[in-house]
Amino acid sequence: MFSPLNWLLIFLVLSLIIRKGKWKKIFIWASVIIFLVFSCPALYILYARWWQPQPVKLPANTHYSFAVVAGGFASVDEKGDGYFNTASDRFLQAMKLYHSGVVDHILISGGNSKKNDKEFREGSWAKIEMEKMGIPDSVIFVEDKSRDTKENAVNSKNILDSLSARPPYVLITSAFHLPRAQKLFEGQGLKVIGYPCNYTEGRGPVTSKDLIPDPGTLQAWGKYIKETAWRIIKG
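Residues 140 to 374 (the numbering used here) are what the sequence shown spells out, left to right.
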């Protein structure tokens with residue numbers, strides 16, 4: 140739905156179905172414009188750079204009661220086993236903050252939004268993986284019922300309130316996802332410090348080769364369009 144590649148395919152099909160007339164020309168031109176704009180790596184990089192918050196360096200000697208890690212960094216295979224996906228930097232940054240003494244506890248907020256395996260629970264799986272990395276069971280808390288970011292926020296608040304945890308909390312998630320996640324968490328009355336990570340684009344320089352159309356970039360736009368649409372709708 141959010142991928143320009145889907146839009147391109149729809150307009151191309153419509154331009155083939157309609158034999159003649161102004162609508163055929165409109166669909167052809169729409170296809171050309173979508174391809175030229177959304178296949179340009181330079182525009183994609185510049186938009187990502189504008190959208191994503193800058194990396195955060197927490198002040199020296201600061202100390203926080205909890206780091207809240209948004210789920211989405213684990214996937215499930217055909218056997219029902221979990222594995223780390225491309226967002227695994229969320230997991231790594233949480234461990235880094237704990238091992239460096241910046242946070243006392245970690246709250247993993249992630250259930251399962253996948254229909255192919257309802258039994259898998261990301262939060263519970265991630266806790267086991269953290270324990271393998273030397274983090275004590277006593278400092279890891281899990282919220283594994285949520286199916287989306289809003290539920291992450293609601294369920295995390297319930298747990299943090301029940302523990303009488305001291306705010307602010309460090310909210311760890313991918314840079315492209317942080318603006319929406321932080322707004323939802325703050326909307327629940329949680330005082331959080333956004334900690335962006337998992338930068339996959341937008342940090343490097345733009346070069347002349349980035350002006351050459353790349354069909355793969357069409358698909359990559361999807362996550363930014365989704366996040367931007369949510370911001371526009373919700374305000």
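Don't be surprised by glycine CBs; every beta carbon is placed ideally from N, CA and C.
*For Q191 versus Y338, is the C-beta distance shorter than 8 Å?*
yes
_Residue range of the beta strand (DSSP E) that includes H316_ = It is not in any beta strand (DSSP E) - H316 carries neither H nor E in the DSSP assignment.
*DSSP three-state assignment for D349, whether helix, strand or coil*: helix
*Taking three-plus beta-carbon pairs below 8 Å as touching, is the segment 173–184 in contact with the segment 214–221?*
no
*Can we say the segment 260–269 touches the segment 354–369, given the rule of at least three CB pairs closer than 8 Å?*
no
*Alpha-carbon spacing of L182 relative to V281, whole angstroms*: 39 Å
*Considering only C-alpha positions, which residue in the set L310, H316, T346 is nearest to L329?*
L310
*Determine whether the Cβ of E217 lies closer than 8 Å to any Cβ atom of chain B.*
Among the chains of the structure shown, chain B does not appear; only one protein chain is present.
_Inside the segment 165–232 only - alpha helix (DSSP H) runs reaching at least 4 residues_ = The DSSP assignment places complete alpha helix (DSSP H) segments of no fewer than 4 residues inside the segment 165–232 at 180–190, in order along the chain.
*State the beta-bridge partners of E282 as determined by DSSP.*
E282 has S248 as its beta-bridge partners, per DSSP.
*So I279 packs on I332, CB below 8 Å; how close in whole Å?*
Not quite, the Cβ-Cβ distance comes to about 20 Å (not below 8 Å), so this is no contact.
*Residue of S303, S301, K296 minimising C-alpha distance to L101*: The structure shown does not extend to residue 101, since the chain spans only 140 to 374, so no value can be given for it.
*asked:* Taking the beta strand (DSSP E) that V331 belongs to, which residues open and close that run?
replied: 331–336
*Could you have a look at T288 and say whether DSSP puts it in helix, strand or coil?*
helix
*Give a yes or no on contact between the segment 347–367 and the segment 141–150, applying the rule of three or more CB pairs nearer than 8 Å.*
yes
*When you compare only the Cα positions, how much space is there between S204 and K235?*
Their Cα atoms are separated by approximately 15 Å.
*When you compare only the Cα positions, how much space is there between I167 and F150?*
7 Å
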